[in-house]
Structure formats: structure tokens, C-alpha cells
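J.: Residue numbers (the working numbering), protein chains in the order written: chain A, 599 to 868; chain B, 2 to 278; chain C, -8 to 215; chain D, 22 to 545.
Pasting a structure here, questions to come.
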Amino acid sequence: MEPQAQTTESPMRRTVEAAVMIALGTAFVVASILCQKDSLFGKNANDRIEAVGIIIAAALTLIMYSFLYRDNPLFKIAENVYIGAQLGYGAINTWRLALRPQIYNPLALAPSNQALWDALVFRSVPILLGVLLLTRLSRKHGWLSRYSYSMMVGWGAGMTILVMTDTNILQQLQAAAKPIQAGVTADAGWWANAGAVTGALTVLVGTVCVLFYFFFSIPHGPVGQRVSKTGIWFLMLSFGASFGYTAMARISLVIGRMRFLLFEWLKIPQ
Amino acid sequence: MPANDTQGLIRTRRIIYLLVAAAIIVPYVIQMPIPSFHAQEEAHKVYDRVESLPAGSRVLIAMEFDPNCEAELRPMAEGILRHCFARKLVPILVTTNYIAPALISDICQKIAKETGTVSGKDWVFLGYRPGMANVVITMGESIQRTFETDNFSQTTRDMPALAGVNSLKDVSLITVISLGDTVNMWIQYGSDRLKVPLVAGVTAVMAPDLYPYLNTGQVKGILAGLRGAADYELLLHRSDDAAKGMQVQSVAHGLLIALIIGANVRFLFRRAQGKEA
Amino acid sequence: MWYKRTIPLILVFAIGVAAFVQEFVPAPWAGRFRENITLWFQIIGSFALFIGLYSLLHMHWTRIRRQTPGWAYSIFVFLAAGGMIAVGLYNEGKGPIIDVAQGTRTWLDRGYDYLIKPCTATIYSSMAFFMASAAFRTFRARNTAAVLMLVAALVVMFGRVPVSEVLGGWLGDPEMFSRITDVLMKYPNLAAKRAIMMGISLGAIAQSLRILLGVERSYMGGGD
Amino acid sequence: MAFTETNTTTPRRRPVMRRARAWGFAAAGVMLLIAGAPSRGQQAESLPASAPAAAPASAPASAPVPLEIPAPESVKAYDCPSDDGSAIIVEWAKPKIETPGAVYVVDVAAAKEDFAAGAFKTVQVKPGPEALKSANQKFFGVSPANAGLYYARICPSSLYPPVPAGESRTESLTRHAKAGHLSAEELQRALAASDADAKWLARLMADLTERDTTDAKARTRRINAATYYLRLSVSPDGGRARAYVSDKDGQPLVLSAAALPNQFKWYKLNIAIFSVAFCAVVAAFIWIARRNPNLYIRRIAGLDAVDEGIGRATEMGRPVYFVHGIAGVESMATMASLTILGRVARKAAEYDTRVRVMNWDPMVTAVSQEVVQQAYTEAGRPDAYNPDDVLFISTDNFAYATAVSGLVVRERPAAIFMLGTFFAESLFLAETGASTGAIQISGTDSYSQLPFLITTCDYTLIGEELFAASAYLSREPKMLGSLRGQDVGKAFLMVTIVVITAVLSVAAARGVSLDWLTNLFKTF
């Protein structure tokens, strides 16, 4: 994906890169063997498997990071292995934790005829609808999936109206509609109380201005312009906060990977 | 875009990548000390909420994350589980993420081994069911019917860990450890519909979005990202993975701040000179 | 037409109204209805994975068949997926029906730990590098709005790491920066997020209504 | 007001009762809820003659504590409103003077005669703020009168638990076989079950237990729905001695009620009203917009850039990319972006510029194909439509992002539209696009990604602007109308917040309590 995919490369540079790759690969293998030698050549078979697993995981981690330098065949292999493995794991899990307890067990392992009958009565319709869902893959019969789909969409729509009104409108409205001086207490200092009132006012003004910014069907006059501009300012402050937090999140993830590489793969003492 | 500019861009990028990597590796290698810090108010609220539950209370922990965000959320999950076991609470774990069960059973088994607790008696991991919000709604009617077996295929009907718990309404606290929108789902369909208190441990990305819920009390407390997890470890008087990441986090943030300020100073300088609009 | 459109639309409306109404009914039948219909949806939902499975495998199969550039990589998708499924079915020699005892590490778990975990975690974490570069190159104080965003980002980034307490300590109050961040989060951020949330909810309700009334039907897909 | 000396006999607790109670605690523990635990009713001693200071002369004068008895006309028994039929409510007025340490005791009997026989159960209520009706707004609302009324919540099924099975496996099997849940052969097999059959037997027993649970639920409902007789008394010593609330004849006042399932949760009335009202407004505007499709929508920055981007692509002879977000076709953002896609494709068809659509969801792929084909037809160039330009990439977020980025780098589109729901991969996509110098127009409803899109793209539609943009571009009445409806909703929220805050602030400053106003938004 990097722009240099467009630029032409000299054969010289290719050779250098290949040499570097080989050197790095060798270094990886040597480092892995050295750092994991205790478990790799240990007596316990389980430990040996774990060590090999850690080495593979470390290799995959480094290959994935190599993408930061540039796209490369190893990355593409790792990426496709990842997609495939995730798919396979998802399929097994869906079988193990959804299809087996909900379809296979009640029907195939029904203890009595009556139980089988009850399971059939309760489960045949959803199973049929589930199978109909699969017709979505066919162009000709895709419309059959609408039956199963429409039920779920309808249920979702009905529930959405309810929970949104409750959670995001009424409860927020109740919290927003508070006296400005609600945070004022007798034992807090003047500054603290002034802060509480200012805070409440800020929330009030901000909420109203941002709501106004998302107003589309009336022309914004000069006053409206100002209000919606204030709204944008509030939005930007909150986006900035989101940015800061997102930065924190992403860094944490790198920390997690580095911990793996340093402490599990290279076994650096903590 | 001229070619040399593109090359320059690539070079800048690679330098920044190297700087970020260095900012994260070096503190570990030189074993930089962890700066002391105070737990934030939001984390305190989560801790106090768990602390206030009487022994034997059931705590539902929705583990809505997968290896993507393991680094951020696993320390949180471990912290809360440790806290629950220390307080003799009974965690009921569940997930609606199909890729998560192996990770979560790994976490539970690790903590269970550490604390000597037993699956089915002191805790239960119900596993995964498809259907997202529908799972939450069904659990609101009957947990045993939603999960006839747990993740380890044990039947849930006579499980001591679930004794007296027929539905989600009977748990004392819902804890959501989530990497995305699932936390909203649990608030809307779980805690708000059934009026069960809820605390959330979320990735830092999600945290700012939860403040309106924190303000109304729909969420009783938030653990935000690795810092939230570190706060929780601090409150538990421990120093595990999250706390050990804090010095690195400080350095990396410092680098980012320096980069942004540096770039802006350069930008303002050039703009003053009229080179950039 | 009747079977392809009208009946599904009627179904949407009926189930939607039922979903709305049952929530207001305390009588036990409403609870039973809720429980049973959501159990149904869970069963239906478990079939949805097959759609993703098929779409993806089909796409990679097409790639291999047509030998589009880079087709060989698609083979790895099949290898990995096949491997995972085989290991899952083998189930430590016990077959897919019987569960392996709790606490035993199966080959499936190992595949998860050593293939899926490093890949997905690493790809996600590489966002940090992109973000750093994007922040350096594009985060500019161009106008008031941009300045506000910039300042808020810097405040949060600084206020949420322990080192801010060190600096705060020098200035007299260790939690000073943490508190400034709290103010930012609790007032301006809260106001904006609350307004956004209300707006989105209204939008979601309007959308749901359009779906129930059959005004919005693009989710049904093409064709008639 | 009269005092009646009551002699509740103390029958020996039968073993079955003890078992029943234990079972009730274990299985129906939940139903106890707020109602004070069923007291040691059967052990109640008779009240030694007691009377308050202000008691009528008929009462013996040796009263140790003055007892204030609630007014008989205030005592009511009725089915608990808005519940699933698990409780009866007994309410009475809070006496003006309360005896310290006294508790209220409600006697519950299945038949009137049972009172005389002493075969009744009791429920105790400790007076206090939590026992007032006003403490339970969920069921009793916010009427100020509730502050003067005590209530007891009586759950008949926890006082008269459905008798548990408590039987051997053989008995249970035989019973179920009789009920038709087992065939004769299955019964034989179960009775003779060997170790080899243990797993089957376990499954069978699980199935039968499940049936028993269902049965117990039905029995519970029947128990609750029966009529019960209730008497209210005051006890100064924790339930042993009682003074009964009496009717005119001086007999204990006996009320009757049954716990019946209700059909409406009154405490959710505000949710019902708000949601229905809002839906009605939106529906009304959709209807209005159908008749008059020229509703005003303000200009949205970034929409003019749509034409600009396509124009530039035409000049440069490069394609336009349309990147759908990571969401299915049921998501609002996807629907909005499909509408915009129609407009973009049509413009591009007119200019003879290639549009390539990147899809994450197979269903969205199908719909996009329809949309683009339709656009080409409308532009009068149906022959120029190439279905291969609408690509399904992958359902994996990062595979999608990397593949799209690869295409962007190779084909260098002049304009990239990224519209829909995006997660972490948005930065990945936007960074790549920015590095190729394409005009990027993005729009998403996922707010956590907006900071990155705002910094890396030329134009960004923030949240609802995405929906407004789709309405603006399509001029579709349904979109325009519902947008106007949403605006009305927002206006209502804005006005409500401002007005209520102002009113409450003034009221609070003057010391007036306006709880009813905030209670309007309270949800349970």
C-alpha cells in the first residue's frame, strides 16, 4: 500500500534488501533457538510444543510489523493464514457453542420421543428460517432469505425505538434537566461552587449548540451561524479527547506486543 | 505529487515508526522505574462498586473482547476477576464475540488456578452464543435457557454458581469489558431494561463516548484502557501487566506530544513566513 | 411480488410492533414470547456465519481459479481454515461431539494462541505507528476548531499518563493535570457526546420507523 | 377504633410445611423481594391485653406501650399494578404517632375460615421510609399521597410454595410416564438403566427436570391467581402480640384480593408516549414531504466537493473510488451511503468516469450493483455499466483495509469517497488515500474515528451530516421528511433542556420542589 510501489527499484537495491532479509531471518532463528533453548531442548514434550508455538507467534508478529516498512510476500502469506485461521476457528466455535447445543443436542440426542417432538416443534421453524437465510447467496432464490431477515430486522427496529427512547433520550434528558446550582454545596468553597455552576452551564450550552449544529431543515441565520460554530467547537474538543484516548489505546496494543516479544520470546528478565 | 516529495514522506514515516518502536522498547530494556500515580475517580468508582457487594453475590462479567485488544483489556479482566474472588463473589462470564472463548477460558483458568477456585462452583464461563442483543434479552428471561451448557459443556441447570440466579435480573452487578459498541448494547438491553447496575471496562477508544452514561449513572464507573487497568491494579495493591506498562505509556505519549508540538511549531513558523497556507 | 416483497414487509411490521408492545406488558406471556423469539433468532443467527464463510472462501476460490495476480496467497486461506477446522473436528481424537476436559490445551487452542492471536493483535497495534505518523503530518493548528482539537488531544494524552503526576508534583499538585483532563472529559466532552447521542438516537428511531413502515427497504437487497 | 384480642392458635408445624418452606426459600427466593420475609406467623402468641393511651374504654388498661392503629377505611388490598401477577399489595395510612419498635403484620389466608383455625401465614413490615409507597415509584407512581401510605407486598407463591417433587427417581419417572412424557419402553429402559446408559439417563432426567420447572411456573401462577384473605395488625413486640385493625363490628377487618397478571406497565408510560409521539412526528413529516418534496435543507460543506472530485477524475482520466464502511446493509450509515453512491455513480456515468465500489459485506455488494446499474441506466448509458467494478473484498476489517489500500496505490484514483461506519481501519484507508494525493471525502457515524478522518481527509461529513447529505443529494421525500421529523425532535429536546433547566434553577433558588417535572423523564 505504500506509495513507493509506484517507484521503480534498482536491481542493486533489491539485492541489498534480499541480503538484509536473509540476515534478519538467520538472526531470528538464532535468537529464537538461543532464547528458547531451555524449553526447546527440554524433556517435557508440552514445553517443546509451546516453545515452537512461541517462535511461530514471534515470527508472525515480526512479519506483520514488516508491513510498516513495506508490503512483502511474507506479510501477504501471514495475512491470508490469519484470515483462514480465524475463519476456521469461527466455524468450529459456532458449531461447538451455538449449533451443537441449540440444534444438534436437542434433536439428535433427544432422550425420549416426547422430548424429540417438543424440540422439533420449537426448533423446526428457526432452523428452516436459518436455512432460508443461506439462500441469500443465490441470486435467483435470494429473496427467500428475506423471510428470516425481515423478522430479525423487524424485531431489531421495534426494540431500537424502545431502548433508544429509554437509554439515550429520556435518561439523558433527565440528567440534562437539572438546576444549574445542583452541584453547589454549602461546605464546598466559593471556587468549587463557581466551578460547579460553570460546569453545568458549559454542559447546557454545549449540548444545545451541538444539537443545533445538527439541525438541517432550517436556514442558519447570523445567530444560528454563531451557535452552530460554538457547536463545532464543542465537537472539536470532544474529538480531541477521543484522539488522545485513541492514541493511548493504540500505544497500549504495541506495548502488549512488545511485552510478548521481549518477555515471552526473547525471555528478557522483567 | 512529485516523486522526491513522496520519498521524503516515506522517510519521515519510517523515522516516526522507528521512534515509536524505540519509545516502547527502550524503557523496558533499561528497566525504567514506574512513576507513582493515583487511581482516577472513574476507576475508584468501579472498585468501590465491586467492594460494596456482599460475599456470594453474583457478578455478570461480559467479556466482549478478542485478541485484538487483549493487551488493553486482559489486565482489566484479570483485575476484576481477582477482586471478585478475593471478595468471595461469584463471577458469571459470558461473551457475544465468536472469536473470544479460547482467550477468555484461558484468562479464567489462569486466575482460577492462582486463586484455587473451581469452575461451576466459584465461577462459570457460559461461553458464546450468536445473536448479540438477542442474547442479552434472552438472558433477561432465563440464563439457563440461553446457555443450557457452559463453555466447557457442563450443564448449567444445577450449577452451584448459578443457584438462585434465574435471569440477568438476579445478578448484583453487570461488568462489561468491551472493545467496541457491545458496551452500549449491554447498557441498553441489559442494565437499563432490567435496572441492574453496570460498570464498564473499555478500550480507551470507547471511553470518551461513555461519559454521558457515567453522568446519568447508567454506568457506575469506567476503567479506560491500560491506564484504567493500571488504576485497578493499584487499588488491588498489585503491580501486574498494566502497571508495568505505565512508564512505557508515558514515554510514548511524550513522544507523540513532542511530535505534534514540533510539527505545529514548524507549521506556524512556516506560515508566518508565508510558505504554507 | 406478493411473496417476494409484501409478505416480508408485513412480517417486519408485525414483528416490529410486537417487539414494541411486548416490552410494555408485564404479564408472563410477554416474557415467554420474548424468551422464545430471541432464542429463535439465536438459532437463525448461527447460520449467518456460513454466509461469511462461503463469501470469503468463494472469493478466494474465484481468485485461484481465475489466477488473478497474487492468487497463490489465497491458497493459504484454505490451508489455514482447513487446518483449523480439521484440528477442531479431530478434537484431540475425541471427535467434534465430545468435549475435551476443561483445562486441557488442545491443538485448536494452540492454533488460536500461536496463529490468530499474534496476527490480529499485531495488525491492530500497527495502528499506533500510522497514528503517530498521521498526527505528525496532518494535525495542524489551522483554525480555531483545529486548535481546540489539538489542545484537547494534548491535554488528554498528557493527563492520562502517570508522568503528568511527576510534573504536577513539581508544580505543587500531583493530580493537577489529571484533574484538568477530568474537567475536559466531564464538561465539554460530555456536552458534545450527549448531544451526539441524542441526535443519533433520534436518527435510529426514525430509521427504525422507516423500516417498520416499509419506506426504507434497501436492506432487503436488490431485485423485486 | 376498637381493639380485639386475638387468639391465634399455634399449630404444630407439620414436617411437610417445613419442607415446603425450605423449598420456597431455595427455589422461590427471588420472589420474596421486598416483602419482609414470611415471619414466624404460626408461632405468634396471643396479644396480652394492650391499649394505647387514647384507647376506648373497652380495652384493658394494662397497656405497656401505646399503639396507634391505622384507620380501617385507609386499609386496602389489591392486585399489585403493572406486575406479572406475583404480588398482592396491602396499603394503609401511616398513623400520626408511631410506636417505636412496633411492626405491622399482615395475616394471609387462603380461606376466611382459616383465620379462625389459625392456618394462616404472616408477613411483617417494619415501618420506615422504605416501607412507604412513595419509596416504590416504579409501581405506585409519584403521587404525593403515597408519602403517607405504608404498603406490604405479599407474594402468595412464596407463602404457599408449589409443593416440590421431593420424590425418588422411580416415582418421578412413573409420574412423567403417566403424564405422557415417556413411552412405556422408555420408562422400562430408564428403570433398568445400566452404566452404559448413564449419559442417556442424565439427559432424560434433565429433560424431565425442565418439564417440572415449567410445571412449577404454571402452578405458581395458579397459586398467585387464587383469592386470598388478609388482615392487618400492629405488633409492639416484633410479631408475637397483635392489635388488629377492626371493622365496625369490632371484628378484625378482613380484605380479599388476588394477584393477577397485568397487561400494561404503567411505569413505562413515558417511554411509550415519547416513542409513539416521536414516531408520529416523523411519520407525519414523511407524509408531508411526499406531497411537497421541496423541504429546505441547509448547505452541507463537502457536498459540492462531490462534483469537484468527479470533475477532477474526469480531467485526469482516473477512476473514482467509493469505499463502503464496515457494516451490513441494515445499518443506517450504509443505507445513507448507498443513496449517495447512486448520486455519485450517476454523475460519473454522465461524465464517463469509472466508479469502483469497495464492499465489505456481500449483501451490500449486491445492493450496490443494483444501485450503480440503475444510475447508469438513468444517465442513459446502461451499456457502460460493468458489474466487475463493484467489488466484494473481504469481511475481515484489516484484510479489507489492506486490499483497498493496495488498489488505491496501484490505480491512484482521483477521488475517494469513504462513507459509512468505520472502525480502526479508517485511519489506514485515509492515510493511504492522502499519500496518493486523491481528493478524499469521508463521512461516518462512528465518532471515535472522526478525529482521524477530519485530519486526513479534505472533507468530512460528521455523523448526522452523512444522513442529511444523502437526503440532500437524493431529494427523496422519505429521507427529507424523516430528517425534518428528526429536527423537530431535536428542537423539542433543545427547548426542553433549556426551559426545564431554567424553571428548575429558579424553583431551586426559591426553595420550591418540582420533582414531578424531572419525574416525567424517569424510567424504570
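The beta carbon of each residue, even a glycine, is placed where N, CA and C say it ideally should be.
For the stretch 13 to 43 of chain C, enumerate the residues whose C-beta is nearer than 9 Å to any C-beta of chain A, in chain order.
T.: Going along the stretch 13 to 43 of chain C in chain order, one finds Q13, E14, F15, N27, I28, T29, L30, W31, F32, Q33, I34, I35, G36, S37, F38, A39, L40, F41, I42 and G43 with a Cβ nearer than 9 Å to chain A.
J.: Report yes if the CB atom of C478/D is closer than 8 Å to the CB atom of A451/D, and no otherwise.
T.: yes
J.: What does the Cβ neighbour count give for N642/A, buried or exposed, with the cut at 16 atoms within 10 Å?
T.: Label assigned to N642/A: exposed.
J.: Please confirm whether D210/B has its beta-carbon closer than 8 Å to some beta-carbon of chain D.
T.: yes
J.: Do the stretch 212 to 222 of chain B and the stretch 39 to 48 of chain B meet, that is, are 3 or more Cβ pairs less than 8 Å apart?
T.: yes
J.: Should the stretch 29 to 36 of chain B be regarded as contacting the stretch 61 to 68 of chain B, the criterion being three or more beta carbon pairs within less than 8 Å?
T.: no
J.: Cβ of R228/B less than 8 Å from any chain D Cβ?
T.: no
J.: Here's the rule I'm using: 16 or more other beta-carbon atoms within 10 Å means buried, otherwise exposed. How should G441/D be labelled?
T.: buried
J.: In three-state DSSP terms, what is F270/B?
T.: helix
J.: Please compile the residues from chain A whose C-beta is within a distance smaller than 7 Å of the C-beta of G246/B.
T.: Residues of chain A passing the Cβ test: S850 and I853.
J.: Can you give me the C-alpha to C-alpha distance between P177/D and N283/D, rounded to a whole angstrom?
T.: 16 Å
J.: Would a check of beta-carbon distances place D508/D closer than 8 Å to chain A?
T.: yes
J.: Closest Cβ-Cβ distance between P60/C and chain A: below 8 Å?
T.: no
J.: Tell me the DSSP secondary structure of I866/A in three-state form.
T.: In the three-state DSSP reduction, I866/A falls in the coil class, being neither helix nor strand.
J.: Checking contacts by CB at 8 Å: is E600/A closer than that to chain D?
T.: Residue placement at E600/A is flagged as unreliable, the pLDDT there being 39, under the threshold of 50; a coordinate-derived value is accordingly withheld.
J.: Note down the Cα distance separating D151/B from A786/A, rounded to an integer number of angstroms.
T.: If you take the alpha carbons of D151/B and A786/A, they lie about 51 Å apart.
J.: Quick one: Cα of G191/B to Cα of N185/B, how far?
T.: 9 Å
J.: Distance cutoff 8 Å, beta carbons only. Does M52/D sit that close to anything in chain B?
T.: Here the model assigns M52/D a pLDDT of 35, short of 50, so the residue's position is not dependable and the matter cannot be decided.
J.: Which residue spans inside the stretch 224 to 278 of chain D form an unbroken beta strand (DSSP E) run of at least 3?
T.: Considered as a whole, the stretch 224 to 278 of chain D harbours 248 to 256 as its complete beta strand (DSSP E) runs of no fewer than 3 residues, in chain order.
J.: Is it right to say S60/D is buried, meaning 16 or more other beta carbons lie within 10 angstroms of its own, or is it exposed?
T.: No answer about S60/D holds up, because its pLDDT of 39 lies below 50 and its placement is not dependable.
J.: In whole angstroms, what separates the C-alpha of F720/A from that of A10/C?
T.: 19 Å
J.: State the Cα-Cα distance for the pair T386/D and T355/D, rounded to the nearest angstrom.
T.: 11 Å
J.: Mind reading off the beta-carbon distance from F66/B to L169/B? Whole number of angstroms is fine, and I expect it under 8 Å.
T.: With 8 Å as the limit, F66/B and L169/B do not qualify as a contact, their Cβ atoms being about 20 Å apart.
J.: Suppose you measure from the CA of L864/A to the CA of V203/B; what does that come to, to the nearest Å?
T.: The straight-line gap from Cα to Cα measures roughly 30 Å.
J.: Which residue comes first and which comes last in the beta strand (DSSP E) that contains I550/A?
T.: The displayed coordinates of chain A run from 599 to 868. Any statement about residue 550/A would go beyond what the structure contains.
J.: Quick one: is D636/A buried, meaning 16 or more other Cβ sit within 10 Å of its Cβ, or exposed?
T.: Around the beta carbon of D636/A, fewer than 16 other beta carbons sit within 10 angstroms, so the residue counts as exposed.
J.: Would you say F545/D and S46/C are within 8 Å of each other, going by their C-beta atoms?
T.: Cβ atoms of F545/D and S46/C: not closer than 8 Å.
J.: Within 10 angstroms of its Cβ, does D193/B collect 16 or more other Cβ (buried), or is it exposed?
T.: buried
J.: From S608/A to M619/A, what does the alpha carbon distance come to, in whole angstroms?
T.: 17 Å
J.: Are the CB atoms of G640/A and I76/C within a distance shorter than 8 Å?
T.: Cβ distance not < 8 Å, so I76/C and G640/A don't count as in contact.
J.: Tell me which residues share the same chain as E73/B and place their Cβ nearer than 6 Å to its Cβ, disregarding the 5 neighbours each side in the sequence.
T.: T204, G226 and L227
J.: So which residues on chain A does H345/D lean against when the C-beta distance must stay under 7 Å?
T.: Chain A residues near H345/D: none, gap ~17 Å exceeds 7 Å.
J.: What does the Cβ neighbour count give for H49/C, buried or exposed, with the cut at 16 atoms within 10 Å?
T.: exposed
J.: Tell me whether V125/B sits in a helix, a strand or coil according to DSSP, three-state version.
T.: strand
J.: Note down, in chain order, every chain A residue with its Cβ under 8 Å from the Cβ of D104/C.
T.: G651 and A655
J.: According to DSSP, is I414/D part of a helix, a strand, or is it coil?
T.: coil
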